[in-house]
Amino acid sequence: MVLLKLQNISYQSENKSILKNISLKIDAGDYLSIVGPSGSGKSTFLKLCAHLLSPTEGKIIFKGKDFRQYSPIDLRRKIGYCAQTPCLFGDTVEDNLSFPYLIRKEKVNLTRVQTLCSDFNLDFALLKKDVQSLSGGEKQRIALLRTLLFLPEIFLLDEVTSALDVTNTLLVEKVISSLNQKGTTVLWVTHNLEQSRKYANKLLTIENGEIKAEEVLK
Ligand SMILES: Nc1ncnc2c1ncn2[C@@H]1O[C@H](COP(=O)(O)OP(=O)(O)OP(=O)(O)O)[C@@H](O)[C@H]1O
Ligand SMILES: [Mg+2]
87 MVLLKLQNIS YQSENKSILK NISLKIDAGD YLSIVGPSGS GKSTFLKLCA HLLSPTEGKI
147 IFKGKDFRQY SPIDLRRKIG YCAQTPCLFG DTVEDNLSFP YLIRKEKVNL TRVQTLCSDF
207 NLDFALLKKD VQSLSGGEKQ RIALLRTLLF LPEIFLLDEV TSALDVTNTL LVEKVISSLN
267 QKGTTVLWVT HNLEQSRKYA NKLLTIENGE IKAEEVLK
């Protein structure tokens with residue numbers, strides 16, 4: 087089943103053409119790695135898929151319906167996005183992890199938080215810490231964990247292990263791959279070529295705002 091379909095998508099900003107005529111189908115259950123040189127348009131591509139930017143031309147179809155027919159809240163819940171630069175808010179880690187529960191008017195599921203902290207090799211005591219005092223790698227994992235508290239149908243990940251050491255990178259890869267095996271669709275932008283081929287079934291290369299290559303890996 088086609089989950090996400092991009093039809094002749096272009097994106098222009100300040101008269102600069104950033105993405106040009108991109109057409110692509112993503113099937114439910116796909117694990118798509120996205121690679122390409124710096125500045126080629128990978129993050130812009132992901133932001134369009136997350137509905138954080140709207141294409142200047144073309145349309146995006148999610149589960150047979152145009153993006154514009156969904157409410158923004160509905161799309162936010164179905165499509166999880168983790169930015170290239172982790173964006174934490176409030177004062178403490180706890181503020182960040184309780185937020186997804188707060189907006190759903192639900193009680194924080196501490197068991198879920200604890201399990202994910204352990205999956206990501208994060209000390210549970212970190213919850214009381216000021217977000218300003220976290221290391222880059224801690225910030226990255228907290229931002230990722232926040233996206234995973236409620237499972238979306240698609241995960242859009244933008245270089246989410248760029249600040250991590252090898253051990254923690256492997257842990258994150260394992261968590262994401264296991265979620266993919268349980269059915270979540272994954273789109274992961276990475277500069278790490280080994281990572282791009284490890285678990286993915288498809289590899290997309292973007293160059294100069296265009297699709298340079300589409301490869302089936304498995
Ligand atoms: N809002 C914007 N306005 C103008 N130019 C932009 C905007 N956003 C991105 N760009 C430009 O578009 C191009 C693609 O940016 P993008 O962030 O998508 O690249 P990328 O492939 O993710 O790069 P990297 O690997 O360095 O993260 C760059 O030249 C960037 O400067
Ligand atoms: Mg980028």
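All the letters of the sequence shown, read from the start, carry residue numbers 87 to 304 under the numbering used here.
We put the beta carbon where it would ideally sit given N, CA and C, even for glycine.
Where E100 is concerned, there is no enclosing beta strand (DSSP E), because DSSP gives it neither an H nor an E. Around the beta carbon of K225, 16 or more other beta carbons lie within 10 angstroms, which makes this residue buried.
For S119, the uninterrupted beta strand (DSSP E) segment begins and ends at Y117 to V121.
DSSP places Y285 in the coil class of the three-state scheme, outside both helix and strand. For the segment 184-264, the continuous alpha helix (DSSP H) assignments of 4+ residues that do not extend past its boundaries occur at 196-205 and 222-234, in sequence order. Exposed is the label assigned to P123, since fewer than 16 other Cβ atoms lie within 10 Å of its Cβ. Here the alpha carbon of S119 sits roughly 5 Å from the alpha carbon of W274.
For ligand 1, no non-hydrogen atom lies closer than 6 Å to the CB of K268.
If you check the CB distance, L132 and V179 do not come in under 7 Å. Boundaries for K149: no beta strand (DSSP E) harbours it, and the DSSP string shows neither H nor E there. Beta-bridge partners assigned by DSSP to I112: L90.
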